[in-house]
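The structure appears right after this line, and notes come after that.
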Amino acid sequence: MSDPDRKPDAALGRDPHVVLRVISKFLIPLIALFALYVQFHGDYGPGGGFQAGVILAAAVILYALVFGLKAAKAAFPPRLIRYGMTLGVLLYGGTGVVTWFLGGEFLNYSVLAHDASHGQHYGILAVELGVLVTVTSVMIAIFYAFGSRQPETSDEDW
Amino acid sequence: MPVMFSVLEMTPDWMLTHGPAFLMALPLLMASIMAVLPNKRVAWATTFVVTALLTVTAFALALYNAEVGTTIYKMGGWAPPHGISLVIDALNAPILVLIALMSFITVIYALPATVAEIKPNKRAPFYAAFLLCIAGLLGMVITGDAFNVFVFLEVSSISTYVLVAMGAARDRRALSAAYNYLILGSIGATFFVIGIGFLYMETGTLNMADMARILADLDGGSRVAKVAFAFIIIGLGLKLAMFPLHTWLPGAYAYSPTPVTVFLASTATKAALYLLLRFTFFVFDPSYAYVADLLLYILVGMGVIGMVFASLQAIFQTDARRMLAFSSVAQVGYMLLGIGIATTASVAAGYLHLINHAVIKGGLFIAVGAMWYRFGITRTEDFKGLGKTMPWTMGAFTVLGLSLVGVPFTAGFVSKVNLTLAAANAGWYWAVGLIMLTSILALIYIGRVLLLAYFQSPPTVNGEVVVRNEAPLMMLIPMWACATASVVIGVNSDAVVGASIRAAELLLGAG
Chain A
671 MSDPDRKPDA ALGRDPHVVL RVISKFLIPL IALFALYVQF HGDYGPGGGF
721 QAGVILAAAV ILYALVFGLK AAKAAFPPRL IRYGMTLGVL LYGGTGVVTW
771 FLGGEFLNYS VLAHDASHGQ HYGILAVELG VLVTVTSVMI AIFYAFGSRQ
821 PETSDEDW
Chain B
23 MPVMFSVLEM TPDWMLTHGP AFLMALPLLM ASIMAVLPNK RVAWATTFVV
73 TALLTVTAFA LALYNAEVGT TIYKMGGWAP PHGISLVIDA LNAPILVLIA
123 LMSFITVIYA LPATVAEIKP NKRAPFYAAF LLCIAGLLGM VITGDAFNVF
173 VFLEVSSIST YVLVAMGAAR DRRALSAAYN YLILGSIGAT FFVIGIGFLY
223 METGTLNMAD MARILADLDG GSRVAKVAFA FIIIGLGLKL AMFPLHTWLP
273 GAYAYSPTPV TVFLASTATK AALYLLLRFT FFVFDPSYAY VADLLLYILV
323 GMGVIGMVFA SLQAIFQTDA RRMLAFSSVA QVGYMLLGIG IATTASVAAG
373 YLHLINHAVI KGGLFIAVGA MWYRFGITRT EDFKGLGKTM PWTMGAFTVL
423 GLSLVGVPFT AGFVSKVNLT LAAANAGWYW AVGLIMLTSI LALIYIGRVL
473 LLAYFQSPPT VNGEVVVRNE APLMMLIPMW ACATASVVIG VNSDAVVGAS
523 IRAAELLLGA G
């Protein structure tokens, strides 16, 4: 049974989630760093843009869960997220357009450098970067969309 | 034909070699740019230019295909079967032209229509989703890779759900229609990808030509291949509105913004039908017992039931677009009947009906959209006196409606005669009778509207008789383009019939 006279921690000037906040602050940069590791290790082992994008978005989502949606939206404005979604697609498709102009088939990375295998390397880096940007943005956008949903439909919306 | 050759000579080589990738990359990239582009005017102009370019490219590729035969484009330089290939052959070249051309016609119509139906701040996203849908449809038709088909199927489907839901600004029922379509469409796509998964398990490849070869070596394959086939057919059946799986279609057609209805009716179900042809005759083969059984009992059975029941339902609809939507389900039945008889002539007739029906239904939905634009008409009883108040729109509606029924000198007549002859030659006389019966049913539902429009006087609103108020030019042009095309095909059908016979010969082997 809770004591009716007991005041919420916040009213006493204490942070009820202090452990969560401190641990999150510690973890978020590590999560982001791990995302980059997965991204750039994708050439040599398991990983790549999709996985890295989800991990990077998880860092932002954790921030939003612990520090509130408002703080997350201030750090990563929804407007920027919208551009991010597009930018990734354009990076990916733009690589294809560049290979067109260099005389190869769409997305044939071999033409990107003198040496075909170097070209493949540059190409996959650019494309995976595009995937990272889009996946991160889309994951965050989905989270924002659900997170900022109004609990009830207001009368004007009907 | 000398004119055609000069068109080919004018086309740059680059477009012929890289055209297949261009067809899907251009709308995809422009869509993503437009998604962040705030300007609605520029959005329309860009979409217009993109669809015009797509039409030219698709047309050039189709001509090139008629000259040199099947061409394969290696995506990323990786050779099939390991890489993704884009294939243009006699089967998909006409569909590509159809999708590109109908999207171009829709964009012309969309300029006035979106102003009336879409909120200003939603117009650029509307065109972005529209371009994505085009990219998806062209992609799923052009690709030679079975998993790629699924990816593009989803690209087109998801953008379609968004487009249908945008009708909510006009009618809130669009939201439930879009949700209904989302659920059923996702089930369809899931079934399709499960089927592809089983097929991959059986053959170990995703390239469709390679799959066909391995399945032929396996003599149709084991039970896994049969299960794969069943899943693929049900998945595609949902997408193409095969009779009992068509329940999403009337709502989606009736409540989405009118340009979306025009585009969906003339392309989305058609692309799914193309995939049905591709899988039943190209990847699988009617010589396998299970494929033959399915063609005979399921496709013909459902096609025929759909023809009769959907036509009857169309007669009792009070909403004009719902009436046309049920008619679409019935027309899909004709195509399935043609595919199910599985002779070269009947498949060609089904294919021909696919193209003709796209032109006819596109035009009819433009006409109905124009009526809503001017008078807010959605119900068939409000067609009273439209022959006087909107003579040109009603004229196009009449020509296209008669074409739908199958009156001589129209496109509908050509395809129905071909289908009837193919059924008779195969000895399916009961099917001939049913085609006649459903044509009479079509005459009833179209005639009912025409009678109201021409033999009733315009209604009186606030004590004044409604005066003539014709649709804007930007609506009349695409509407009459469809009507004229339908008559031209009806008078001289050589080009379209030739294309459909080439497609059928590719599927069933010449002979």
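If you're matching them up, the sequences are chains A and B in order.
Residue numbering for the first sequence follows the numbering used here, starting at 671 and increasing by one per position.
Residue numbering for the second sequence follows the numbering used here, starting at 23 and increasing by one per position.
Beta carbons are placed, not taken as given, at the ideal position from N, Cα and C, and that holds for glycine.
Every value quoted in this text rests on a predicted model; they were computed, and no experiment measured them.
Worksheet item: Should B:Asp-516 go down as buried or exposed, given a rule of 16 or more other Cβ atoms within 10 Å for buried?
Response: The count along the second sequence starts at 1 and reaches residue 516 of chain B at position 494. The residue is exposed, with fewer than 16 neighbouring Cβ atoms inside 10 Å.
Worksheet item: Excluding the five sequence neighbours on either side, which residues of its own chain have a C-beta within less than 7 Å of the C-beta of B:Met-52, listed in chain order?
Response: Translated into positions along the second sequence, residue 52 of chain B becomes position 30. Here the set comprises Thr-68, Val-72 and Leu-153.
Worksheet item: At which residues does the beta strand (DSSP E) containing B:Ser-107 begin and terminate?
Response: Residue mapping note: residue 107 of chain B aligns to position 85 of the second sequence, counting from 1. Taken as a continuous stretch (DSSP letters only), the beta strand (DSSP E) holding B:Ser-107 covers 107–110.
Discussion item. I'd like to check one pair, B:Leu-50 with B:Ala-190: are the Cβ atoms closer than 8 Å?
Written reply: Taking the second sequence and counting its residues from 1, one reaches residue 190 of chain B at position 168. Taking the second sequence and counting its residues from 1, one reaches residue 50 of chain B at position 28. No, the pair does not count as a contact, with Cβ atoms beyond the cut-off.
Fill in: One or two residues paired with A:Val-724 in a DSSP bridge
Taking the first sequence and counting its residues from 1, one reaches residue 724 of chain A at position 54. For A:Val-724, which the question treats as bridged, DSSP gives no partner whatsoever.
Discussion item. If contacts are defined as beta-carbon pairs under 8 Å, then B:Glu-224 and B:Ala-250 qualify, I think. What distance do you get, rounded to the angstrom?
Written reply: Position 202 of the second sequence, counting from 1, holds the residue named residue 224 of chain B. Position 228 of the second sequence, counting from 1, holds the residue named residue 250 of chain B. The pair is a contact, with the Cβ atoms about 6 Å apart (cut-off 8 Å).
Worksheet item: Can you name, in chain order, every residue of its own chain whose Cβ lies under 7 Å from the Cβ of B:Thr-33, other than the five neighbours on each side?
Response: By 1-based counting over the second sequence, the position of residue 33 of chain B is 11. Cβ neighbours of B:Thr-33 beyond the five flanking positions: Ala-82.
Worksheet item: Helix, strand or coil: which one does DSSP assign to B:Ile-94?
Response: By 1-based counting over the second sequence, the position of residue 94 of chain B is 72. The answer is strand: DSSP assigns B:Ile-94 an E or B state.
Worksheet item: Residues of chain A with a CB under 9 Å from the CB of B:His-104: which are they?
Response: Translated into the one-based positions of the second sequence, residue 104 of chain B becomes position 82. What B:His-104 touches in chain A: nothing, since even the nearest Cβ is about 14 Å away.
Worksheet item: Between B:Thr-136 and B:Pro-281, which are expected to be in contact by the criterion C-beta below 8 Å, what is the C-beta distance as a whole number of angstroms?
Response: Against the second sequence, residue 136 of chain B aligns to sequence position 114. Against the second sequence, residue 281 of chain B aligns to sequence position 259. Yes, B:Thr-136 and B:Pro-281 are in contact; Cβ-Cβ is about 6 Å, under 8 Å.
Discussion item. Counting C-beta neighbours from all protein chains within 10 Å, is the total for B:Thr-482 16 or more, i.e. buried, or is it exposed?
Written reply: Stepping through the second sequence from its first residue, residue 482 of chain B is reached at position 460. B:Thr-482 should be labelled exposed.
Worksheet item: So, does the CB of A:Val-808 fall closer than 8 Å to a CB anywhere in chain B?
Response: In the first sequence, residue 808 of chain A corresponds to position 138, counting from 1. Taking Cβ atoms only, chain B never reaches closer than 8 Å to A:Val-808, which makes this a no.
Item to complete: Report buried or exposed for B:Met-458, applying the criterion of at least 16 other Cβ atoms within 10 angstroms of its Cβ.
Response: Indexing the second sequence from 1 puts residue 458 of chain B at position 436. Burial call: exposed.
Fill in: Residue burial classification, B:Pro-500 (beta-carbon count within 10 angstroms, cutoff 16)
Counting from 1 along the second sequence, the entry for residue 500 of chain B is found at position 478. Counting Cβ neighbours within 10 Å, B:Pro-500 comes out buried, since at least 16 surround it.
Discussion item. Please report the straight-line C-alpha distance between B:Ile-256 and B:Tyr-296, rounded to a whole angstrom.
Written reply: In the second sequence, the residue the question calls residue 256 of chain B occupies position 234. In the second sequence, the residue the question calls residue 296 of chain B occupies position 274. Spanning the two alpha carbons is a distance of roughly 15 Å.
Worksheet item: By how many angstroms is the C-alpha of A:Ala-783 removed from the C-alpha of B:Gln-353?
Response: Against the second sequence, residue 353 of chain B aligns to sequence position 331. Against the first sequence, residue 783 of chain A aligns to sequence position 113. Taking the straight line from one Cα to the other gives about 53 Å.
Discussion item. At the level of alpha carbons, what is the spacing between B:Pro-102 and B:Asn-229?
Written reply: Sequence index remark: in the second sequence, residue 102 of chain B carries index 80 (1-based). Sequence index remark: in the second sequence, residue 229 of chain B carries index 207 (1-based). Those two C-alpha atoms are separated by around 7 Å.
Worksheet item: Does any C-beta atom of chain B lie closer than 8 Å to the C-beta of A:Thr-765?
Response: Along the first sequence, read from residue 1 onward, the residue named residue 765 of chain A stands at position 95. It does not; no Cβ of chain B falls within 8 Å.
Discussion item. Give me, in chain order, the residues of the same chain whose beta-carbon lies closer than 8 Å to that of A:Ala-741; leave out the 5 immediate sequence neighbours on both sides.
Written reply: Position 71 of the first sequence, counting from 1, holds the residue named residue 741 of chain A. Closer than 8 Å at Cβ, skipping near neighbours: Tyr-733 and Ala-734.
Fill in: Range covered by the alpha helix (DSSP H) that runs through B:Ile-216
Your numbering for residue 216 of chain B matches position 194 in the second sequence. Its alpha helix (DSSP H) spans residues 195–225.
Worksheet item: What in chain A is Cβ-close to B:Lys-96, meaning under 7 Å?
Response: Residue mapping note: residue 96 of chain B aligns to position 74 of the second sequence, counting from 1. Correct list: Glu-775.
Item to complete: Please list the residues of the region 741–757 of chain A that have a C-beta atom closer than 7 Å to any C-beta atom in chain B, keeping them in chain order.
Response: Arg-752, Tyr-753 and Thr-756
Item to complete: Whole angstroms is fine: what's the gap from A:Leu-772's alpha carbon to A:Tyr-779's?
Response: Taking the first sequence and counting its residues from 1, the one referred to as residue 772 of chain A is at position 102. Taking the first sequence and counting its residues from 1, the one referred to as residue 779 of chain A is at position 109. If you take the alpha carbons of A:Leu-772 and A:Tyr-779, they lie about 10 Å apart.
Discussion item. Against chain A, does B:Ser-54 count as a neighbour if the rule is that its beta carbon must be under 8 Å from one of theirs?
Written reply: Indexing the second sequence from 1 puts residue 54 of chain B at position 32. True, the Cβ-Cβ gap to chain A drops below 8 Å.
Discussion item. Can you tell me where the alpha helix (DSSP H) holding B:Glu-492 begins and where it ends?
Written reply: Within the second sequence, residue 492 of chain B is the residue found at index 470, counting from 1. Taken as a continuous stretch (DSSP letters only), B:Glu-492 belongs to no alpha helix (DSSP H), as it is neither H nor E.
Worksheet entry | Contacting positions in the region 123–134 of chain B - beta carbon closer than 8 Å to chain A | none
Practice prompt. Select from the region 45–79 of chain B all residues with a C-beta closer than 8 Å to any C-beta belonging to chain A, and list them in chain order.
Written response: Ala-47, Leu-50, Leu-51, Ser-54, Ile-55, Ala-57 and Val-58
Discussion item. Is A:Ser-780 close to chain B? Criterion is C-beta to C-beta, closer than 8 Å.
Written reply: If you number the first sequence from 1, residue 780 of chain A lands on position 110. By this cut-off, A:Ser-780 is an interface position.
Worksheet entry | Of the listed residues B:Thr-93, B:Gly-99 and B:Ile-511, nearest to B:Ile-110 (C-alpha basis) | Residue mapping note: residue 110 of chain B aligns to position 88 of the second sequence, counting from 1. Of the listed residues, the one whose Cα sits closest to B:Ile-110 is B:Thr-93.
Worksheet item: Looking at B:Leu-298 and the ligand FAD, is the gap between the Cβ and the nearest heavy atom below 7 Å?
Response: Among the components of this structure there are no ligands whatsoever, and the ligand FAD is therefore not found.
Item to complete: Tell whether a beta-carbon distance below 8 Å holds between A:Gly-764 and A:Phe-776.
Response: Residue 764 of chain A sits at position 94 when you count from the first residue of the first sequence. Residue 776 of chain A sits at position 106 when you count from the first residue of the first sequence. It is not a contact, given that the beta carbons lie outside the stated cut-off.
Practice prompt. Mind checking which residues open and close the alpha helix (DSSP H) that includes B:Gly-428?
Written response: The sequence position of residue 428 of chain B within the second sequence is 406, counting from 1. Neither: B:Gly-428 is in no alpha helix (DSSP H) and is coded neither H nor E.
Practice prompt. Return the Cβ separation of B:Ala-247 and B:Ser-368 in integer angstroms, given the expectation that the two are a contact with Cβ distance under 8 Å.
Written response: Stepping through the second sequence from its first residue, residue 247 of chain B is reached at position 225. Stepping through the second sequence from its first residue, residue 368 of chain B is reached at position 346. So it is not a contact: roughly 25 Å between Cβ atoms.
Worksheet item: Is B:Glu-486 helix, strand or coil by DSSP?
Response: Locating residue 486 of chain B in the second sequence gives position 464, counting from the first residue. In this structure, B:Glu-486 counts as strand in the three-state DSSP scheme.
Item to complete: With a 10 Å radius around its C-beta and 16 neighbouring C-beta atoms as the bar for buried, classify B:Leu-426 as buried or exposed.
Response: In the second sequence, counting from the first residue as 1, residue 426 of chain B sits at position 404. Per the 10 Å Cβ criterion, buried.
Discussion item. Give the list of continuous alpha helix (DSSP H) stretches no shorter than 4 residues that lie fully inside the region 281–335 of chain B.
Written reply: 291–299 and 311–315
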